[in-house]
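Report on the following structure.
Number of protein chains: 2
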Amino acid sequence: MTLADLRREAAVPRAGTATALDILKQRFGERLSTGADVRRSHGHTTTYIPNQMPDAVLFAANEEDVQAAVLVCHEHRCPIVAFGTGSSLEGHVNAPQGGLSLDLSRMDRILQLNPQDFDVTVEPGVTREALNAQLRDTGLFFPIDPGANASLGGMAATRASGTNAVRYGTMRDNVIGLTAVMADGRIVRTARRAKKTAAGYDLTRLLVGSEGTLGIITKLNLKLYGIPDTILSGVCPFPDVRSACDAVIQTVQAGIPVARIELLDQLAIEASIRYSRIDLPRSPCLFVELHGSSTSVAEQAEFFEAIAGENGGGPFKSSTTTEERARLWKARHDFYWASLTLRPGAQAIATDVCVPVSSLSDCIAETQVDIADCGMIAPIVGHVGDGNFHVTLLLDRENPAEIEAAEGFIARLSKRALAFDGTCTGEHGIGQGKRGYLADELGEALFVMRQIKETLDPRNILNPGKIFIEP
Amino acid sequence: MTLADLRREAAVPRAGTATALDILKQRFGERLSTGADVRRSHGHTTTYIPNQMPDAVLFAANEEDVQAAVLVCHEHRCPIVAFGTGSSLEGHVNAPQGGLSLDLSRMDRILQLNPQDFDVTVEPGVTREALNAQLRDTGLFFPIDPGANASLGGMAATRASGTNAVRYGTMRDNVIGLTAVMADGRIVRTARRAKKTAAGYDLTRLLVGSEGTLGIITKLNLKLYGIPDTILSGVCPFPDVRSACDAVIQTVQAGIPVARIELLDQLAIEASIRYSRIDLPRSPCLFVELHGSSTSVAEQAEFFEAIAGENGGGPFKSSTTTEERARLWKARHDFYWASLTLRPGAQAIATDVCVPVSSLSDCIAETQVDIADCGMIAPIVGHVGDGNFHVTLLLDRENPAEIEAAEGFIARLSKRALAFDGTCTGEHGIGQGKRGYLADELGEALFVMRQIKETLDPRNILNPGKIFIEP
Numbered sequence: 216m217t218l219a220d221l222r223r224e225a226a227v228p229r230a231g232t233a234t235a236l237d238i239l240k241q242r243f244g245e246r247l248s249t250g251a252d253v254r255r256s257h258g259h260t261t262t263y264i265p266n267q268m269p270d271a272v273l274f275a276a277n278e279e280d281v282q283a284a285v286l287v288c289h290e291h292r293c294p295i296v297a298f299g300t301g302s303s304l305e306g307h308v309n310a311p312q313g314g315l316s317l318d319l320s321r322m323d324r325i326l327q328l329n330p331q332d333f334d335v336t337v338e339p340g341v342t343r344e345a346l347n348a349q350l351r352d353t354g355l356f357f358p359i360d361p362g363a364n365a366s367l368g369g370m371a372a373t374r375a376s377g378t379n380a381v382r383y384g385t386m387r388d389n390v391i392g393l394t395a396v397m398a399d400g401r402i403v404r405t406a407r408r409a410k411k412t413a414a415g416y417d418l419t420r421l422l423v424g425s426e427g428t429l430g431i432i433t434k435l436n437l438k439l440y441g442i443p444d445t446i447l448s449g450v451c452p453f454p455d456v457r458s459a460c461d462a463v464i465q466t467v468q469a470g471i472p473v474a475r476i477e478l479l480d481q482l483a484i485e486a487s488i489r490y491s492r493i494d495l496p497r498s499p500c501l502f503v504e505l506h507g508s509s510t511s512v513a514e515q516a517e518f519f520e521a522i523a524g525e526n527g528g529g530p531f532k533s534s535t536t537t538e539e540r541a542r543l544w545k546a547r548h549d550f551y552w553a554s555l556t557l558r559p560g561a562q563a564i565a566t567d568v569c570v571p572v573s574s575l576s577d578c579i580a581e582t583q584v585d586i587a588d589c590g591m592i593a594p595i596v597g598h599v600g601d602g603n604f605h606v607t608l609l610l611d612r613e614n615p616a617e618i619e620a621a622e623g624f625i626a627r628l629s630k631r632a633l634a635f636d637g638t639c640t641g642e643h644g645i646g647q648g649k650r651g652y653l654a655d656e657l658g659e660a661l662f663v664m665r666q667i668k669e670t671l672d673p674r675n676i677l678n679p680g681k682i683f684i685e686p
Numbered sequence: 216m217t218l219a220d221l222r223r224e225a226a227v228p229r230a231g232t233a234t235a236l237d238i239l240k241q242r243f244g245e246r247l248s249t250g251a252d253v254r255r256s257h258g259h260t261t262t263y264i265p266n267q268m269p270d271a272v273l274f275a276a277n278e279e280d281v282q283a284a285v286l287v288c289h290e291h292r293c294p295i296v297a298f299g300t301g302s303s304l305e306g307h308v309n310a311p312q313g314g315l316s317l318d319l320s321r322m323d324r325i326l327q328l329n330p331q332d333f334d335v336t337v338e339p340g341v342t343r344e345a346l347n348a349q350l351r352d353t354g355l356f357f358p359i360d361p362g363a364n365a366s367l368g369g370m371a372a373t374r375a376s377g378t379n380a381v382r383y384g385t386m387r388d389n390v391i392g393l394t395a396v397m398a399d400g401r402i403v404r405t406a407r408r409a410k411k412t413a414a415g416y417d418l419t420r421l422l423v424g425s426e427g428t429l430g431i432i433t434k435l436n437l438k439l440y441g442i443p444d445t446i447l448s449g450v451c452p453f454p455d456v457r458s459a460c461d462a463v464i465q466t467v468q469a470g471i472p473v474a475r476i477e478l479l480d481q482l483a484i485e486a487s488i489r490y491s492r493i494d495l496p497r498s499p500c501l502f503v504e505l506h507g508s509s510t511s512v513a514e515q516a517e518f519f520e521a522i523a524g525e526n527g528g529g530p531f532k533s534s535t536t537t538e539e540r541a542r543l544w545k546a547r548h549d550f551y552w553a554s555l556t557l558r559p560g561a562q563a564i565a566t567d568v569c570v571p572v573s574s575l576s577d578c579i580a581e582t583q584v585d586i587a588d589c590g591m592i593a594p595i596v597g598h599v600g601d602g603n604f605h606v607t608l609l610l611d612r613e614n615p616a617e618i619e620a621a622e623g624f625i626a627r628l629s630k631r632a633l634a635f636d637g638t639c640t641g642e643h644g645i646g647q648g649k650r651g652y653l654a655d656e657l658g659e660a661l662f663v664m665r666q667i668k669e670t671l672d673p674r675n676i677l678n679p680g681k682i683f684i685e686p
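Protein sequences, first through last, are from chains U and G. Read left to right, the first sequence gives residues 216 to 686 (the numbering used here). Read left to right, the second sequence gives residues 216 to 686 (the numbering used here).
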């Protein structure tokens with residue numbers, strides 16, 4: 216499934232779209248926008264996947280709006296694409312068959328905070344930073360951090376994870392229950408607030424990661440965590456990527472409950488030094504964060520440093536001050552911008568795979584050989600405690616040969632991850648970009664996914680053209 | 216949905232069953248048993264739900280057998296009920312419409328241990344104790360412990376949890392991926408071995424907890440954990456159940472990573488003293504277990520004791536020796552037998568609900584009033600760190616008035632849990648016994664579950680009459 220395929224995919228005209236949009240215009244007036252700029256900004260904008268804009272954008276104010284829009288679209292078979300902040304990377308918000316983009320960013324209320332139970336119910340347009348800002352005085356926080364200030368609805372829909380998934384899990388683990396409007400307009404609450412349940416099928420987990428193809432999330436009940444007493448962050452250099460990976464494997468195996476353990480290869484480090492003006496050793500590094508009581512954090516740090524030392528790494532320079540920690544993680548989060556300094560004028564395209572942790576060194580080593588063979592500039596960073604890493608390709612997106620080379624590289628990377636019994640995407644999702652790898656990864660399971668999709672959305676109105684290659 | 220309803224439910228005769236069993240007999244010979252004793256032992260045997268035995272029992276040796284059986288049953292619309300050890304509590308293994316019990320206990324091989332990745336792939340008939348015995352020399356263990364030595368396939372199918380779910384999660388969190396034979400004979404592997412994935416719908420979590428109604432699990436890839444350096448177990452008495460619950464809430468809120476925190480009310484303690492001849496304070500107690508380094512465990516213990524003290528509890532008498540710990544947890548696991556001493560000749564029926572932790576004290580207090588009002592003997596024990604508790608009813612199952620009273624009590628208990636935004640079952644599952652509460656708990660979500668069931672098993676051959684009330 217290459218870009219050329221994507222362009223060839225016939226945008227099946229949906230006869231009912233115009234009618235649906237007329238009806239919605241009457242109901243919603245100014246809140247339904249058909250301006251080109253608004254439409255374009257609601258198509259895909261983050262990578263080289265072409266922008267395929269919707270025919271209109273509706274700014275929903277509440278669950279009732281969502282239900283009304285879905286009912287109209289259902290009746291007239293008009294595509295409907297949920298939109299949060301548009302920060303997804305695999306074309307999830309594109310509208311290849313036109314239709315309606317349903318912008319949920321105005322549904323940004325925190326509905327119910329239950330501090331005693333460590334949970335909160337929010338609307339889908341609340342972003343992770345907005346939630347944490349609201350929680351500041353409670354001593355609680357929501358840990359999942361995919362880098363971008365994404366909406367929580369979008370994060371759930373794409374099963375996002377990020378830097379501290381190694382400790383706190385992914386969105387899969389942190390959504391207690393959710394409410395969604397299904398394709399037929401039915402409003403479904405998947406679970407109540409109990410921490411665990413054995414009551415029926417796990418519809419929560421079915422909707423998390425379904426990329427807007429099974430239902431549109433209107434409420435999320437999320438797990439919260441106590442802000443740790445002590446947070447220590449630091450940097451540990453290694454002679455090469457393999458020794459850093461080996462240290463990660465041993466750290467995980469030793470049961471050290473690292474909150475974050477991020478790899479930056481030599482190129483990524485150089486970019487970060489240049490862009491973030493941060494003092495880092497000029498070799499592959501692990502950025503590490505530890506959470507706990509002061510005793511426990513000190514013990515973890517000592518244990519980690521010993522493991523690093525055994526692998527030729529160190530010293531582990533760390534700090535517990537807020538400023539130092541913030542500087543370090545800002546540099547990590549700014550890596551996208553930093554990478555651009557490696558090739559001015561280029562665009563940075565991040566792709567991700569995930570493999571069993573024991574295969575991480577080998578998978579990254581083979582990938583580095585591949586990068587060198589292609590003559591590409593492509594630093595590697597990764598949430599390596601989970602076996603998940605990103606290759607950031609610096610491309611001239613106007614150069615078809617480069618795009619083609621990148622696609623070839625991504626196809627080989629996915630194949631390589633599968634050969635290690637891994638997955639073609641640890642956290643970015645399938646969207647449009649990775650549909651071509653899913654059959655190889657999942658075989659007959661893909662058939663079952665299609666059965667579910669066809670039953671729950673028989674008119675294929677919810678985010679058509681995502682996850683599945685259209686027949 | 217009472218027992219009387221259950222008995223009234225017409226066992227829809229399945230015309231094709233005899234033909235299917237004839238074909239299977241020819242293929243499997245002696246491995247297909249139709250003896251009354253074998254059949255009865257494969258129906259429900261653990262509570263007052265009546266035994267509804269299958270027409271035959273097939274002892275499967277491998278995935279090929281399972282697929283062959285499913286294909287024959289699918290063609291002839293013969294019910295097929297997966298069977299592990301038969302330790303489930305809500306009638307999951309009953310065959311209300313007759314058909315085939317598929318006994319998976321001989322599929323008991325450990326297929327692939329990946330110690331570097333902390334995962335293992337097993338057949339469904341491996342029991343949790345057998346797995347842990349096999350792991351003994353690796354420094355790893357599988358934590359989920361529902362009390363009974365259940366099969367791992369059955370534990371996954373019922374989304375089991377138990378005493379240390381508060382620390383390690385439930386089967387939901389500990390199945391990385393699985394292979395299942397679907398109703399049409401299709402063999403589906405839901406995920407590869409990567410620790411996380413964003414590739415398509417989460418079929419793993421859809422099958423975990425589906426109680427054999429969507430597919431028959433033939434392989435499980437499970438998470439393992441390093442055996443902690445230090446394990447400390449102890450008992451802490453409290454003046455009453457409410458103060459014990461309050462201590463639990465505060466312990467969880469303080470972020471102490473307790474591995475187990477079990478409540479036994481006064482009656483449960485008295486039964487345990489009598490049966491297990493263990494020296495316990497004669498008041499409600501928490502049984503607590505802490506895992507970690509010696510420093511971290513000491514710190515956790517000190518913190519817990521302080522919280523207990525603030526709630527009028529203590530002293531927290533604990534030990535790190537294997538013998539003392541084993542004695543304590545044997546007493547906890549033997550609680551079923553101990554409870555029988557409270558009313559000689561009676562049968563002990565355990566039911567469970569789960570509520571948000573902050574509502575635990577209130578829910579248990581109201582339940583104790585209800586028990587007193589009914590004049591029942593019914594000790595309470597629970598995995599209270601999750602808000603999950605069990606009421607063990609001591610009944611004369613030959614006395615219809617007592618059964619009816621028990622059913623009324625369970626209905627009120629479920630309703631009460633829902634009123635606290637909890638669930639009618641935290642870990643026992645729906646099976647036959649709790650089908651009547653699911654509509655109240657889940658509303659329209661139940662409709663979606665039915666849609667999925669009808670698509671993936673249109674002939675309703677997989678464990679019919681479970682989770683859903685038959686139309």
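We treat Cβ as the ideally placed atom computed from N, Cα and C, and that holds for glycine.
Within 10 Å of its beta-carbon, does residue i have 16 or more other beta-carbons around it, so buried, or fewer, so exposed?
i         : result
Lys545(U) : exposed
Leu326(U) : exposed
Ser316(U) : buried
Ser663(U) : One point to set straight first is that residue 663(U) is Val, not Ser, in the sequence displayed. Buried: at least 16 other Cβ atoms inside 10 Å.
Gln515(U) : buried
Asn277(G) : exposed
Asp461(U) : buried
If you draw a straight line from the C-alpha of residue i to the C-alpha of residue j, how long is it?
i         : j         : result
Gly507(U) : Leu657(G) : 37 Å
Pro673(G) : Thr217(U) : 36 Å
Ala275(U) : Thr249(U) : 15 Å
Ala513(U) : Arg492(G) : 42 Å
Pro443(G) : Ile676(U) : 50 Å
Ala580(U) : Thr445(U) : 35 Å
Leu447(U) : Gln481(U) : 23 Å
Ala565(U) : Lys434(U) : 30 Å
Is the distance from the Cβ of residue i to the Cβ of residue j below 8 Å?
i         : j         : result
Arg382(G) : Ala474(G) : yes
Leu418(G) : Gly415(U) : no
Val335(U) : Ala371(U) : no
Lys649(U) : Glu426(U) : no
Arg612(G) : Gln666(G) : no
Arg343(G) : Ala365(G) : yes
Gly340(G) : His548(G) : no
His257(U) : Asp318(U) : yes
Among all the DSSP beta bridges, which residues are the ones paired with residue i?
i         : result
Leu435(G) : Val337(G) and Leu393(G)
His605(G) : Asp567(G) and Val596(G)
Tyr440(G) : Phe356(G)
Pro452(U) : Cys500(U)
With 7 Å as the limit, tell me which residues of the region 352-380 of chain G have their beta carbon closer than that to any beta carbon of chain U; keep them in chain order.
Result list: Thr373, Arg374, Ser376 and Ala380.
**OP:** Could you list the residues in the region 582-607 of chain U with a C-beta less than 7 Å from some C-beta on chain G, going in chain order?
**Re:** Within the region 582-607 of chain U, the residues whose Cβ lies closer than 7 Å to some Cβ of chain G are Asp601, Gly602 and Asn603, listed in chain order.
Report task. Could you list the residues in the region 509-534 of chain U with a C-beta less than 7 Å from some C-beta on chain G, going in chain order? Result -> Near chain G, meaning a CB-to-CB distance below 7 Å, the residues of the region 509-534 of chain U are Thr510, Ser511 and Glu514.
Taking only beta carbons into account, state which residues of the region 263-280 of chain U come closer than 8 Å to chain G, listed in chain order.
-> Listed in sequence order: no entries.
#### Entry: Chain-ordered residues of the region 649-664 of chain U with a beta carbon less than 9 Å from chain G
The region 649-664 of chain U vs chain G, Cβ under 9 Å: Lys649, Tyr652, Leu653, Glu656, Leu657, Gly658, Glu659, Ala660, Leu661, Phe662, Val663 and Met664.
**Request:** Quick one: which residues of the region 312-340 of chain G get their C-beta closer than 9 Å to a C-beta of chain U? List them in chain order.
**Result:** From the region 312-340 of chain G, only Asn329, Pro330, Gln331, Asp332, Phe333 and Asp334 have a Cβ closer than 9 Å to chain U.
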